[in-house]
Each structure stands twice: as structure tokens, then as C-alpha cells.
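Undergrad: Once you've had a glance at the structure underneath, I'll fire off some questions.
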Amino acid sequence: MNLSNPREIYSRIISSSESEIQELAEGIKGSYTQPDIRRLTDLLIEIDKGQKFNENYALFIIALGESWMTEEEKLFEEEINNRIWDNIKKYINQDQIARTN
Numbered sequence: 069m070n071l072s073n074p075r076e077i078y079s080r081i082i083s084s085s086e087s088e089i090q091e092l093a094e095g096i097k098g099s100y101t102q103p104d105i106r107r108l109t110d111l112l113i114e115i116d117k118g119q120k121f122n123e124n125y126a127l128f129i130i131a132l133g134e135s136w137m138t139e140e141e142k143l144f145e146e147e148i149n150n151r152i153w154d155n156i157k158k159y160i161n162q163d164q165i166a167r168t169n
């Protein structure tokens, strides 16, 4: 697949089945580097702006997973997720203590 034509890729995503979207994403992840995938996702975002929400596009981005993220972004996301879960655990514990009192 040639990443130099993001409009063609976008059209393919929109008209594909879920399994085809998964295959496309896996092929891209296996064939291109993080910077290439990031450029593609940035271009796809620009193409998608103003479009009606399309489930296929969302499935494609989900299928790419973190392959478009830099290591710094992955670490930052993990840190935020950990903070959120820590807060959730704290509130659950507070609720359990409040219920026992």
C-alpha cells in the first residue's frame, strides 16, 4: 500500500468491511514506521474533518492502536491512565468506608 495518497486510503477505509479494515491496519503497521503512520493519521484527520461520522474510520484508527504514537506520547498516555485509575480506586475506597460507617 502506498501512503502517498491518503484520500485513496480514506475512501478504501470508508467502503471496507470490518475485517478488511483490520487487515489494512495490520498491513500498514507491519510495513511502515511510526513517523510514516503518524503522517498518514494526521492527513486522514484533515480529510475527515467536516465529514459525517463514519464508524469505519473510527475502527481503522482503533485498529492502528498506538502505532502512530511516539514513545513520549505512549508514556504520557500511560501516566494519565494510571492517575485516572488511582483516582477511581480512591473514590471506591472512600465510598466503601462511608458505607461501613
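Here the sequence shown stands for residues 69 to 169, numbered as in our numbering.
From the three backbone atoms N, C-alpha and C, an ideal C-beta is built for every residue, glycine too.
Keep in mind that this is a model prediction, so the values were computed, not measured.
So, are the CB atoms of L92 and S84 less than 9 Å apart?
TA: Residue mapping note: residue 92 aligns to position 24 of the sequence shown, counting from 1. Residue mapping note: residue 84 aligns to position 16 of the sequence shown, counting from 1. Yes, the Cβ-Cβ distance between L92 and S84 is below 9 Å.
Undergrad: Going straight from the alpha carbon of E86 to that of I77, what length do you get?
TA: Here residue 86 refers to the residue found at position 18 when the sequence shown is read from its first residue. Here residue 77 refers to the residue found at position 9 when the sequence shown is read from its first residue. One C-alpha to the other measures close to 15 Å.
Undergrad: With 16 as the cutoff for other CB atoms within 10 Å, does I156 come out buried or exposed?
TA: Translated into positions along the sequence shown, residue 156 becomes position 88. So I156 ends up on the exposed side.
Undergrad: Per DSSP, what kind of secondary structure is Q119 in: helix, strand or coil?
TA: Translated into positions along the sequence shown, residue 119 becomes position 51. Correct three-state label for Q119: coil.
Undergrad: Determine whether the beta carbon atoms of L112 and I96 lie at a separation below 9 Å.
TA: Reading the sequence shown from its first residue, position 44 is the one you call residue 112. Reading the sequence shown from its first residue, position 28 is the one you call residue 96. No; because the gap between Cβ atoms is not below 9 Å, this pair is not in contact.
Undergrad: Contact defined as beta carbons within less than 8 Å: I believe A131 pairs with Q102. What is the distance between those atoms, to the nearest angstrom?
TA: Residue mapping note: residue 131 aligns to position 63 of the sequence shown, counting from 1. Residue mapping note: residue 102 aligns to position 34 of the sequence shown, counting from 1. Actually they do not touch by this definition, with Cβ atoms about 16 Å apart.
Undergrad: Can the beta-carbon of L108 be found less than 9 Å from the beta-carbon of P74?
TA: Taking the first residue of the sequence shown as 1, we reach residue 108 at position 40. Taking the first residue of the sequence shown as 1, we reach residue 74 at position 6. Closer than 9 Å, so yes.
Undergrad: Between which residues of its own chain and F121 is the CB-CB distance below 6 Å, once the five residues before and five after are set aside?
TA: Here residue 121 is taken as the residue at index 53 of the sequence shown, counted from 1. For F121, where only same-chain residues beyond five positions count, there are no Cβ hits under 6 Å.
Undergrad: As a quick exercise: from R151, Q119, G98 and E146, pick the residue whose alpha carbon is nearest that of S79.
TA: Translated into positions along the sequence shown, residue 79 becomes position 11. Comparing Cα positions, the closest option is Q119.
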